[in-house]
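Participant:
Residue numbers (the working numbering): 11 to 102.
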C-alpha cells in the first residue's frame, strides 16, 4: 500500500502549536516504516512531509515517492492537471 502524507506545513509552525511535534512525527514515521508500506509526499523544503520522509528512510522505510505537478506549460497544452510520482530525493 502507498500512504499519502500531505502538507505542506512548515515543521517550525507545527512545533509552535505542539512542541512535541517532531517526536510525534518521528514515532509515526517509525511505525509506518515498520508496516512495510510505501509513502507518497508533496515535497516542500522544511515541511512536515520532508521530515516524515527523512525519518521514514532512517527507519528503513520501503519506498518514498514525491508527487509533483507537471510544468505549467505542459498543463496548458494538454488541458489537464496531472501529478507525477518520482522516487524521493533528499535534495529537492
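Heads up, the beta-carbon is just placed ideally off N, CA and C, and yes, glycines get one too. Computed from a predicted model, the values in this text were never measured in an experiment.
If distances are taken between C-alpha atoms only, which option among 69, 54, 33, 68 comes closest to residue 15?
Facilitator: Considering only alpha carbons, the answer is 54.
Participant: Which residues mark the beginning and the end of the alpha helix (DSSP H) in which residue 25 is found?
Facilitator: It spans 21-27 - the alpha helix (DSSP H) in which residue 25 sits, taken as one unbroken run.
Participant: Pull up the CB-CB distance for residue 13 and residue 47, whole angstroms please, since I reckon it's below 8 Å.
Facilitator: Contact holds; Cβ gap of about 5 Å.
Participant: Pick out whichever of 19, 61, 75 has its Cα sitting closest to the Cα of residue 37.
Facilitator: Among 19, 61, 75, the Cα nearest to that of residue 37 belongs to 61.
Participant: So which of 49, 70, 78, 58 has the shortest CA-CA distance to residue 30?
Facilitator: Among 49, 70, 78, 58, the Cα nearest to that of residue 30 belongs to 58.
Participant: Compare the beta carbon distance of residue 33 and residue 56 with 8 Å and say whether it is the shorter of the two.
Facilitator: Not closer than 8 Å, so no.
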